[in-house]
Amino acid sequence: MALQIGDKAPDFKLFSSDLKEVSLSDYKGKKLVVHFFPMAFTGVCTTQLCTMRDSFGYYQGMNAEVVGISVDSPFTLAKFKEENAYQFPLLSDFNKEVSQAYGSFYDEFVFNLKGVAKRAAFVIDEEGKIIHSEILEDAGNMPDFDVIRKSVEA
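FYI, in the working numbering the residues of the sequence shown are 6 to 159.
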């Protein structure tokens, strides 16, 4: 069942591209923008995260943090983060549990790749509740960055 606005965001504990464990509870008291993306080093995913990178300062002034999550390994994500100068953590959902918990999961993706995160964006409030949820069935589409921004401002 898809997560709805007002639902408690599923907790997570994942390793970042810096090989540090990061959990949802680390962000209590702040808003958190969570971007799920299918795969590092693909065009649309890079655009998605670069858009967040380029507007990152905007969110910092609003007691909000950003994370990106994919099923790539932490090592792949470290290279992806370095090459694109992302200022926010990229988290490895290598075991595919968090993508599934958030309903952001393809059983089968392109090229017969199984178990890949869908492109999705969530905004979680200071109390851990979902205030914005957007899961894209078509990985070629982008999340609505204006709506994400408005959710953070609210």
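We put the CB at the ideal spot given by N, CA and C, even for glycine. Here the structure is a predicted model, which means the values were calculated and not measured.
Same chain only: Cβ atoms within 6 Å of residue i, ignoring 5 sequence neighbours per side
i            : result
serine 156   : Val128, Ile136, His137
aspartate 16 : Leu29
Start and end residues, beta strand (DSSP E) containing residue i
i              : result
isoleucine 153 : Note, isoleucine 153: premise wrong, no beta strand (DSSP E); alpha helix (DSSP H) at 150 to 158.
glycine 73     : 69 to 75
lysine 36      : 36 to 41
leucine 19     : 18 to 21
serine 179     : With the chain covering 6 to 159 only, the question about residue 179 has no answer from this structure.
serine 28      : 26 to 28
Proximity below 8 Å, CB of residue i to CB of residue j
i                : j                : result
alanine 125      : tyrosine 111     : no
phenylalanine 41 : serine 109       : yes
glycine 48       : valine 76        : no
leucine 95       : phenylalanine 80 : no
valine 39        : isoleucine 153   : no
alanine 14       : lysine 35        : no
Residues of its chain near residue i, where Cβ-Cβ distance is below 7 Å and the 5 sequence neighbours each way are ignored
i                : result
phenylalanine 61 : Val71, Gln92, Phe93
serine 22        : Pro79, Leu82, Ala83, Lys86, Pro94, Leu95
From the options, residue whose alpha carbon lies closest to that of residue i
i                 : options                       : result
proline 148       : Phe80, Cys55, Lys33           : Cys55
phenylalanine 150 : Glu139, Ala144, Leu24         : Glu139
glutamate 113     : Lys134, Glu142, Val103, Glu87 : Glu142
asparagine 100    : Arg58, Ala90, Ala122          : Ala122
methionine 67     : Asp130, Ala144, Lys134        : Asp130
alanine 90        : Ile153, Arg154, Met57, Val103 : Met57
Cβ-based neighbour list, residue i, same chain, cut-off 8 Å, excluding 5 preceding and 5 following
i            : result
glutamate 26 : Lys18, Leu19, Phe20
alanine 7    : Gly108, Ser138, Ile140
Residue interval of the alpha helix (DSSP H) (run including residue i)
i             : result
glutamate 139 : Counting along the chain, glutamate 139 falls outside any alpha helix (DSSP H), though it belongs to the beta strand (DSSP E) covering 135 to 140.
> What alpha helix (DSSP H) runs, 4 residues minimum, are completely inside the segment 94 to 133?
Replying inline: 102 to 106
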